[in-house]
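Each residue of the sequence shown is one higher than the one before, starting from 162 at the first, in my numbering.
Okay, structure first, notes after.
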Amino acid sequence: MAAYAVSPKEQLKQTAYRLQLAEHWGIPTGARVLEIGCGQGDTTAVLAEVVGPNGHVTGIDPAPPEYGAPITLGDSAQHLQQGTYGSVVDMRLGFTNWSTVANDYDYAVLAHCVWYFASYEVLVQTLREARQRARKLCFTEWSLQPLHPGQIPHAFAVTFLQLVSKFHPELELNIQSPFSESKIVEALECAGWDIESRHVVEQPDVDDGRWEVEELLRLAERADLNLPAEVQSWLKDQGATVRAYGPDFATLPSFSLICT
């Protein structure tokens, strides 16, 4: 991964966590996989390792190649496609046209991407597109229900980052639509998927919770957001509440659903 050069410890944790997810997903060697919302390619690389040289992974993401910092999505895609997995991986950034995607995949994968979606309608439509193109679906996202006290700040952060996103879409915050598990299940059923199994990682050893709490704390200190007075006051209060839980901010649990 290109991000390893910038933050090796964090990247190793991301890769180890995704290997843990892949073990539960049970995708076999030689499978053809469509990864929706591939982003920087953290999951893409793990999928390529799992399916091996006789398999294939197509990663699609609507974000443009220049999105992301300090490593852009384009940098990551180039690094993957020019490396060991180049013959296995096809990453398509700035993706908009579903008619260019084949309908013969063994698996579709959505891993920690749907909170970036603009709306519930986009979620349902994406799941319908996946239903037409793959036999099985592996879906993983963070849960909004903390299982340990250290995860509470992450839940606070997610709620308020969504709120700020609604007022300031130009900030391009990662959290746009933090769907609950029940809402995701509803969307899956609406799109025609049947849930076969569920798995929970109670304490993921990754830094997403810390990153998002730190983003909330930065926003809480800004005076130039021009939020409604009551929202600005609420944001500051929650920043103070969250800070009291620190300095170690844990990541929320994740849940995985295997669907047919």
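Even for Gly, the Cβ is constructed at its ideal location relative to N, Cα and C.
Computed from a prediction, not measured in an experiment: that's the story for all the values here.
Item                                                                                                                                                                                     : Value
Name, in chain order, the residues that DSSP records as bridge partners for Arg-253.                                                                                                     : Ile-221
Helix, strand or coil, according to DSSP, for Ile-188 in the structure here?                                                                                                             : coil
Quick check on DSSP: helix, strand or coil for Ser-338?                                                                                                                                  : coil
For Trp-259, collect the residues of the same chain with a Cβ closer than 6 Å to its Cβ; drop the 5 residues on either side in sequence, then sort them by chain order.                  : Glu-290
Here's the rule: buried if 16 or more other CB atoms are within 10 angstroms of the residue's CB, otherwise exposed. What is Leu-332?                                                    : exposed
Please work out which residues of its chain come closer than 6 Å, Cβ to Cβ, to Asp-409, disregarding the five sequence neighbours upstream and downstream, and give them in chain order. : none
In the DSSP assignment, find the unbroken alpha helix (DSSP H) run with Leu-195 in it and report its ends.                                                                               : Run containing Leu-195: none in the alpha helix (DSSP H); it sits in the beta strand (DSSP E), 193 to 197.
If you reduce the DSSP assignment to three classes, tell me which class Ala-384 lands in.                                                                                                : coil
Please name the residue in Lys-174, Lys-170, Glu-184 and Gln-175 whose C-alpha comes closest to that of Ser-417.                                                                         : Glu-184
Quick one: grab the DSSP three-state call for Leu-349.                                                                                                                                   : helix
If we call anything under 9 Å between Cβ atoms a contact, is Glu-376 one with Leu-271?                                                                                                   : no
Please state whether DSSP places His-360 in a helix, a strand or coil.                                                                                                                   : strand
With DSSP run on the structure shown, which of helix, strand or coil describes Val-283?                                                                                                  : helix
Taking buried to mean at least 16 other C-beta atoms within 10 Å of its own C-beta, is Arg-296 buried or exposed?                                                                        : exposed
Among Ala-206, Tyr-277 and Leu-180, whose alpha-carbon lies nearest the alpha-carbon of Ile-336?                                                                                         : Tyr-277
Start and end of the alpha helix (DSSP H) containing Arg-404?                                                                                                                            : 390 to 404
Of the residues Leu-234, Gly-247, Gln-175 and Cys-351, which one's Cα is nearest the Cα of Tyr-281?                                                                                      : Cys-351
Go through the stretch 272 to 331 residue by residue and report every complete run of the beta strand (DSSP E) that reaches 3 residues or more, in order.                                : 295 to 303
With DSSP as the reference, label Tyr-228 as helix, strand or coil.                                                                                                                      : coil
Using a Cβ-Cβ cutoff of less than 7 Å, which residues in the same chain neighbour Leu-180 once the five nearest sequence positions on both sides are dropped?                            : Val-207
Measure the C-alpha to C-alpha separation of Ala-164 and Ser-237 and round it to an integer number of angstroms.                                                                         : The predicted model places Ala-164 with a pLDDT of 45, which falls under 50 and marks its position as unreliable; any figure quoted below should be read in that light. Using only the alpha carbons, I get a separation of about 7 Å.
Between the Cα of Asp-385 and those of His-273, Val-325, Val-250 and Tyr-228, spot the shortest distance and give me the residue it belongs to.                                          : Val-325
Compute the beta-carbon to beta-carbon distance between Asn-215 and Gly-191, rounded to the nearest angstrom, for a pair I have assumed lies under 8 Å.                                  : 5 Å
How far does the alpha helix (DSSP H) with Ser-237 in it extend, from its first residue to its last?                                                                                     : 234 to 242
I believe Thr-205 touches Met-252 by the beta-carbon criterion, under 8 Å. Please report the beta-carbon distance rounded to the nearest angstrom.                                       : 7 Å
Taking the alpha-carbon positions, what's the Gly-353 to Arg-292 distance?                                                                                                               : 7 Å
Leaving out five residues on either side along the sequence, give the residues of the same chain with a beta carbon under 7 Å from the beta carbon of Ala-166.                           : Bear in mind that the predicted position of Ala-166 carries a pLDDT of just 43, short of 50, making it unreliable; the figure below should be weighed with that in mind. Here the set comprises nothing.
Can you look up Leu-413 in the DSSP assignment and give me helix, strand or coil?                                                                                                        : coil
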